[in-house]
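In what follows, a single structure is set out as structure tokens and then discussed.
There are 2 protein chains.
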Amino acid sequence: MDVWRINLAEKSLQVEAVPSGWEKLGGRGLTARILLDEVRATCYPLGSENKLIFAPGLLSGHRLSSCDRLSVGSKSPLTGGIKEANAGGTTAIDLSRLGIKVLILENKISNGLWVLHLSMEGARFDSVDDLIGVGAYESTRLLLDRYGSRVSIALIGPSGELKLNSAGILNLDKDRVPSRIAARGGLGAVMGSKGLKAIVIDASGTTGPSLLYPEEFRQAKQILTNALLDHPQSMTYRDFGTAAMAQLCNRLGGLPTDGFSKGSTSQIEEISGEHMRELMLERGGESNPTHACMPGCVIRCSNIYGGKDGRPIVAPLEYETIGLLGTNLRIHDLDIVAQLNWEANDIGVDSIELGAALGVAAQAGILDLGDIDRVFELIDDVRKGTPLGRIIGNGATTTGNVFGVERVPSVKGQAMSAYDPRAIKGTGVTYATSPQGADHTAGLTIRAKVNQLDPKGQADLSRMAQINMAGYDTLGACIFAGFGFSTVPESIQQLLHAIYGWISEANILQQLGKQTLQMERKFNTLAGFTKAQDRLPDWMTKEALPPTESVFDVAEEDLDSVFNW
Amino acid sequence: MDVWRINLAEKSLQVEAVPSGWEKLGGRGLTARILLDEVRATCYPLGSENKLIFAPGLLSGHRLSSCDRLSVGSKSPLTGGIKEANAGGTTAIDLSRLGIKVLILENKISNGLWVLHLSMEGARFDSVDDLIGVGAYESTRLLLDRYGSRVSIALIGPSGELKLNSAGILNLDKDRVPSRIAARGGLGAVMGSKGLKAIVIDASGTTGPSLLYPEEFRQAKQILTNALLDHPQSMTYRDFGTAAMAQLCNRLGGLPTDGFSKGSTSQIEEISGEHMRELMLERGGESNPTHACMPGCVIRCSNIYGGKDGRPIVAPLEYETIGLLGTNLRIHDLDIVAQLNWEANDIGVDSIELGAALGVAAQAGILDLGDIDRVFELIDDVRKGTPLGRIIGNGATTTGNVFGVERVPSVKGQAMSAYDPRAIKGTGVTYATSPQGADHTAGLTIRAKVNQLDPKGQADLSRMAQINMAGYDTLGACIFAGFGFSTVPESIQQLLHAIYGWISEANILQQLGKQTLQMERKFNTLAGFTKAQDRLPDWMTKEALPPTESVFDVAEEDLDSVFNW
Numbered sequence: 000m001d002v003w004r005i006n007l008a009e010k011s012l013q014v015e016a017v018p019s020g021w022e023k024l025g026g027r028g029l030t031a032r033i034l035l036d037e038v039r040a041t042c043y044p045l046g047s048e049n050k051l052i053f054a055p056g057l058l059s060g061h062r063l064s065s066c067d068r069l070s071v072g073s074k075s076p077l078t079g080g081i082k083e084a085n086a087g088g089t090t091a092i093d094l095s096r097l098g099i100k101v102l103i104l105e106n107k108i109s110n111g112l113w114v115l116h117l118s119m120e121g122a123r124f125d126s127v128d129d130l131i132g133v134g135a136y137e138s139t140r141l142l143l144d145r146y147g148s149r150v151s152i153a154l155i156g157p158s159g160e161l162k163l164n165s166a167g168i169l170n171l172d173k174d175r176v177p178s179r180i181a182a183r184g185g186l187g188a189v190m191g192s193k194g195l196k197a198i199v200i201d202a203s204g205t206t207g208p209s210l211l212y213p214e215e216f217r218q219a220k221q222i223l224t225n226a227l228l229d230h231p232q233s234m235t236y237r238d239f240g241t242a243a244m245a246q247l248c249n250r251l252g253g254l255p256t257d258g259f260s261k262g263s264t265s266q267i268e269e270i271s272g273e274h275m276r277e278l279m280l281e282r283g284g285e286s287n288p289t290h291a292c293m294p295g296c297v298i299r300c301s302n303i304y305g306g307k308d309g310r311p312i313v314a315p316l317e318y319e320t321i322g323l324l325g326t327n328l329r330i331h332d333l334d335i336v337a338q339l340n341w342e343a344n345d346i347g348v349d350s351i352e353l354g355a356a357l358g359v360a361a362q363a364g365i366l367d368l369g370d371i372d373r374v375f376e377l378i379d380d381v382r383k384g385t386p387l388g389r390i391i392g393n394g395a396t397t398t399g400n401v402f403g404v405e406r407v408p409s410v411k412g413q414a415m416s417a418y419d420p421r422a423i424k425g426t427g428v429t430y431a432t433s434p435q436g437a438d439h440t441a442g443l444t445i446r447a448k449v450n451q452l453d454p455k456g457q458a459d460l461s462r463m464a465q466i467n468m469a470g471y472d473t474l475g476a477c478i479f480a481g482f483g484f485s486t487v488p489e490s491i492q493q494l495l496h497a498i499y500g501w502i503s504e505a506n507i508l509q510q511l512g513k514q515t516l517q518m519e520r521k522f523n524t525l526a527g528f529t530k531a532q533d534r535l536p537d538w539m540t541k542e543a544l545p546p547t548e549s550v551f552d553v554a555e556e557d558l559d560s561v562f563n564w
Numbered sequence: 000m001d002v003w004r005i006n007l008a009e010k011s012l013q014v015e016a017v018p019s020g021w022e023k024l025g026g027r028g029l030t031a032r033i034l035l036d037e038v039r040a041t042c043y044p045l046g047s048e049n050k051l052i053f054a055p056g057l058l059s060g061h062r063l064s065s066c067d068r069l070s071v072g073s074k075s076p077l078t079g080g081i082k083e084a085n086a087g088g089t090t091a092i093d094l095s096r097l098g099i100k101v102l103i104l105e106n107k108i109s110n111g112l113w114v115l116h117l118s119m120e121g122a123r124f125d126s127v128d129d130l131i132g133v134g135a136y137e138s139t140r141l142l143l144d145r146y147g148s149r150v151s152i153a154l155i156g157p158s159g160e161l162k163l164n165s166a167g168i169l170n171l172d173k174d175r176v177p178s179r180i181a182a183r184g185g186l187g188a189v190m191g192s193k194g195l196k197a198i199v200i201d202a203s204g205t206t207g208p209s210l211l212y213p214e215e216f217r218q219a220k221q222i223l224t225n226a227l228l229d230h231p232q233s234m235t236y237r238d239f240g241t242a243a244m245a246q247l248c249n250r251l252g253g254l255p256t257d258g259f260s261k262g263s264t265s266q267i268e269e270i271s272g273e274h275m276r277e278l279m280l281e282r283g284g285e286s287n288p289t290h291a292c293m294p295g296c297v298i299r300c301s302n303i304y305g306g307k308d309g310r311p312i313v314a315p316l317e318y319e320t321i322g323l324l325g326t327n328l329r330i331h332d333l334d335i336v337a338q339l340n341w342e343a344n345d346i347g348v349d350s351i352e353l354g355a356a357l358g359v360a361a362q363a364g365i366l367d368l369g370d371i372d373r374v375f376e377l378i379d380d381v382r383k384g385t386p387l388g389r390i391i392g393n394g395a396t397t398t399g400n401v402f403g404v405e406r407v408p409s410v411k412g413q414a415m416s417a418y419d420p421r422a423i424k425g426t427g428v429t430y431a432t433s434p435q436g437a438d439h440t441a442g443l444t445i446r447a448k449v450n451q452l453d454p455k456g457q458a459d460l461s462r463m464a465q466i467n468m469a470g471y472d473t474l475g476a477c478i479f480a481g482f483g484f485s486t487v488p489e490s491i492q493q494l495l496h497a498i499y500g501w502i503s504e505a506n507i508l509q510q511l512g513k514q515t516l517q518m519e520r521k522f523n524t525l526a527g528f529t530k531a532q533d534r535l536p537d538w539m540t541k542e543a544l545p546p547t548e549s550v551f552d553v554a555e556e557d558l559d560s561v562f563n564w
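Protein chains in written order, with numbering that gives the first Met the number 0: chain A, 0 to 564; chain B, 0 to 564.
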């Protein structure tokens with residue numbers, strides 16, 4: 000495996016041996032290492048000094064169930080700090096097949112819009128000015144026509160070209176739909192600032208990534224697969240997808256409702272995972288409640304949400320989108336939420352950041368909650384980059400700043416996802432302290448068997464979750480792979496040995512996680528972050544959230560203790 | 000002298016004795032002390048937890064030439080750090096006459112727009128919903144009609160009501176024109192967030208502030224006045240006002256031109272102080288190149304800029320406005336700049352922040368440089384609070400953020416004034432390191448007899464200037480009072496003794512200055528600032544500025560040494 004380093008200004012590729020200190024890292028941990036080694040933390044995120052890094056996880060590339068994730072890293076234009084967002088799909092697999100341990104994009108192309116094409120022949124650049132402003136779905140279709148239907152693609156929508164800070168990077172799922180988004184933190188804006196519309200990866204002719212001990216790998220894989228298949232949560236996610244969260248969060252009083260002013264809705268039945276599953280089964284056609292985003296995944300939490308005619312509206316429809324673009328905006332019609340999700344994907348924006356920004360805009364009187372037509376209109380503004388669209392497209396914090404709205408649900412400039420931290424306090428600790436800004440994937444605590452409203456002990460819970468998640472993100476493992484790994488933790492050591500021959504300790508997951516978090520914290524410190532930024536917004540410590548009437552009251556000393564281990 | 004503490008939510012006044020630790024402070028130093036003592040540094044600046052503080056300087060209230068300035072302090076919604084902006088006019092005098100050492104506005108009024116009326120009878124609140132959205136000039140006329148022509152007024156324009164972060168607080172000059180603006184850092188937005196349109200101060204019936212030793216005061220006053228009258232710079236400012244800077248800055252290559260892309264203009268003659276003086280003398284009528292903003296000022300650097308008919312277009316027209324709304328936008332017609340300045344004042348925005356934001360908007364293609372009609376159109380957008388107007392009205396940093404523009408001339412979120420730091424590097428050090436964000440009034444170094452392009456020694460220069468200015472701001476002395484005090488420094492000790500009976504050391508100015516800066520730095524540290532924020536924007540360290548072709552190259556260690564004394 001090599002480092003592929005692209006100088007965009009020169010349109011050149013340099014293939015380098017993996018330097019010492021990078022070998023035993025992958026995914027999120029590797030992006031953090033490289034950012035710390037090579038990017039000045041105070042640089043302008045959309046300037047030529049920033050780098051955009053694509054790193055498959057340590058376990059990626061082998062079609063291990065739920066372990067083929069791709070990490071994308073950069074300095075975030077949204078938070079001003081370090082950023083890693085990861086996604087499933089096929090990109091990590093095909094990068095690995097080409098022998099790419101990490102792809103580093105440096106500098107930027109000064110003019111026009113380009114495709115970076117990677118294959119066994121190396122890198123080449125094709126002008127795609129005809130794709131300027133073209134949505135992600137249509138762009139994907141055209142690129143697959145042009146480059147062949149078996150390539151992997153990482154691409155941006157119009158929002159990335161506009162350098163909006165809610166722009167993500169879309170990756171194709173196993174059916175070549177651009178649905179797996181490294182969504183958070185404005186990575187799409189970084190890609191747009193560099194003049195790239197897409198990275199096309201053609202792994203044809205490759206034999207697949209090497210395995211040191213194939214038989215050991217086969218055994219370990221079987222153990223993991225069995226553990227996943229046996230875990231009761233796997234079944235829940237297979238049946239209901241992440242939307243299984245809707246009922247749970249509503250019950251806990253942590254479902255963002257009406258602009259984070261309530262934690263539950265009486266219309267929960269209409270947007271629940273159970274209802275969504277029924278709809279899909281009833282509608283048939285291409286609808287499918289159980290769908291894998293990565294080849295080989297046995298959980299298959301993804302879905303294809305079809306309309307009344309059975310034709311797909313969007314795939315997948317996920318809980319966080321239902322929360323932020325649905326209940327948060329007083330919209331309880333899954334068909335509408337699915338259409339909004341399609342729009343967000345096509346524009347290439349993070350549906351969480353978009354929904355949160357619209358909720359803030361509603362407080363400023365830009366829209367009425369529940370006004371579906373107006374929401375579509377405003378999303379069209381984002382697509383076109385009108386001044387109002389740019390405000391919203393730059394996210395919830397910018398929207399609040401421009402309109403003078405206090406009640407912005409964000410930390411370090413990044414919007415919270417669909418878990419109100421006043422009712423799910425461990426996740427609130429994660430929002431407050433994660434180097435990534437507010438992000439449930441950095442350490443979700445909702446399934447812990449504790450009183451979610453009790454401020455005590457939540458920092459310990461979050462610490463553990465953040466360490467484990469940073470570890471999984473470094474392995475390239477999906478959050479749900481944890482269901483399996485947690486019952487057969489030794490399989491991580493076995494897999495790392497089978498693939499690389501590494502002898503690791505039993506707590507290798509936590510070692511990787513801690514190391515990653517420490518690097519991320521160091522980057523943020525250099526960027527000018529202090530514990531003053533490791534806080535939830537003031538208003539959430541004061542405004543009680545119905546129906547639990549809880550405020551966020553985890554002690555500041557607890558927040559400051561999260562990274563003391 | 001007392002502390003007048005207003006609880007806006009309760010519309011109540013509490014008159015308190017001056018607590019220990021506050022007695023020997025005034026102006027900027029006192030606002031810093033109170034913010035540090037009473038305001039949580041991480042609070043939401045436009046929320047009820049923030050306070051708005053009006054503090055006359057230690058020497059204010061006695062009609063000492065150039066020493067009647069008012070400091071307004073708060074946590075800034077523009078920078079997120081501490082903020083003090085000061086202004087001349089009559090507000091500080093009348094607050095002092097009422098025996099108010101400092102006015103502290105706490106909490107906020109939840110509904111409507113209000114006047115806070117202060118007099119010997121205490122405080123009362125009058126609803127002024129009829130003034131919602133009314134410009135500062137018309138509002139002043141109506142308020143003077145309502146409250147009598149001899150009151151002092153501190154008020155906001157529509158921008159403050161809209162909570163735009165470039166909104167300032169206007170004060171009346173001795174002719175009751177709302178022209179003395181505590182402009183920087185969004186203090187007008189804080190006042191708007193609190194539900195106040197204006198503070199009306201009626202000092203009738205008062206006998207004036209007490210003096211411990213009147214005869215000693217008279218003597219010291221005479222010494223200061225003579226020193227001011229004798230200083231050659233006083234004459235320059237009397238004749239040309241601050242616009243004297245235009246030729247000087249152009250010669251040094253530090254005049255912001257065409258969006259901070261050049262440091263000089265071939266059209267300098269059209270916008271110079273000399274030309275402006277000629278125009279005013281030639282036009283006659285109410286035009287007047289020599290005008291005092293505060294009663295008793297012997298420098299009279301202010302002016303009344305009249306149009307062809309001799310009627311005032313704006314008063315005064317100052318250098319920073321000519322730089323930012325003029326040459327920065329490729330506008331070289333003083334009549335036009337004067338009209339733009341009137342608009343800015345009427346809306347109540349900082350003309351520096353507005354001009355810088357428009358320069359950034361030009362880079363985003365929102366206007367062409369030199370397109371005067373478009374500039375007026377956009378300023379009207381700000382007045383109306385359209386989405387585009389709100390972007391621009393929130394300042395240069397927000398404009399750059401929303402449009403993805405790198406070349407933003409700002410530090411800590413606040414726009415630079417009309418001294419390009421690449422050509423006047425000591426002032427660049429001040430921009431970078433001042434706790435106030437980029438601000439020439441925090442420590443201008445342009446008159447130092449050094450090579451302004453040499454990076455060496457500039458930190459020392461800035462340190463001295465920042466200490467002295469923080470001292471003057473605490474005394475309530477105008478920057479130009481320094482011309483006098485620098486030749487008779489002992490007069491500061493004499494005046495403090497004559498007024499208060501204090502025995503102070505020869506370096507009292509520097510003592511006050513250091514103390515003030517230390518408090519401000521402490522507040523910012525608590526608010527989450529580190530040395531990473533004590534930097535100029537990256538692009539100014541890389542992009543050479545014609546005609547000197549200089550970049551900002553003061554060493555980071557030098558920047559970090561500014562507060563080591």
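Glycine included, C-beta positions come from ideal geometry on N, C-alpha and C.
The beta strand (DSSP E) runs of length 3 or more contained entirely in the stretch 1 to 48 of chain B are, from start to end of the chain, 1 to 6, 11 to 15. As for any alpha helix (DSSP H) of minimum length 4 sitting wholly inside the stretch 346 to 387 of chain B, the runs are 350 to 362, 371 to 383, ordered along the chain. In this structure, the straight-line span from the alpha carbon of T540 (chain A) to that of G284 (chain B) is close to 59 Å. A Cβ of chain A is located within less than 8 Å of the beta carbon of T397 (chain B). Beta-bridge analysis with DSSP links L117 (chain A) to A:A122, A:I200.
Three or more beta-carbon pairs separated by less than 8 Å are not found between the stretch 499 to 506 of chain B and the stretch 471 to 483 of chain B, which leaves the two stretches without contact. Along the length of the stretch 244 to 331 of chain B, whole alpha helix (DSSP H) runs at least 4 residues long occupy 267 to 270, 272 to 282, reported in chain order. In terms of beta-carbon proximity, A414 (chain B) stays away from the interface with chain A, with every pair separated by 8 Å or more. L63 (chain B) sits away from G194 (chain B), with the two beta carbons spaced by 8 Å or more. Of all residues in the stretch 149 to 163 of chain A, the ones placed with a Cβ closer than 8 Å to any Cβ belonging to chain B are L161, K162, L163, in chain order. Secondary structure at N170 (chain B): strand, using DSSP grouped into helix, strand and coil. Cβ proximity to chain A below 8 Å picks out A40, T41, C42, Y43 from the stretch 23 to 43 of chain B. Per DSSP, the unbroken alpha helix (DSSP H) holding P157 (chain B) starts and ends at 157 to 160.
For N393 (chain A), the residues of chain B that pass the 8 Å Cβ criterion are N400, V401, in the order they occur in the chain.
Assignment of F522 (chain B) by DSSP, reduced to helix, strand and coil, places it in the helix class. For a Cβ distance threshold of 7 Å, residue set P386, I390, V401 of chain A lies close to I390 (chain B), ordered along the chain. Beyond the five residues adjoining it in sequence on each side, G204 (chain B) comes within less than 6 Å, by CB distance, of M119 in the same chain, given in chain order. Per DSSP, S64 (chain B) lies in no beta strand (DSSP E) and is assigned neither H nor E. Against chain B, a Cβ distance below 8 Å from L45 (chain A) picks out G403, E405. Contact residues of the stretch 511 to 531 of chain A toward chain B are T524, L525, A526, G527, F528, T529, K530, A531 (C-beta to C-beta distance below 9 Å). Taking the Cα of R534 (chain A) as reference, the smallest distance to any Cα among A:D238, A:T426, A:R96 is reached at A:T426.
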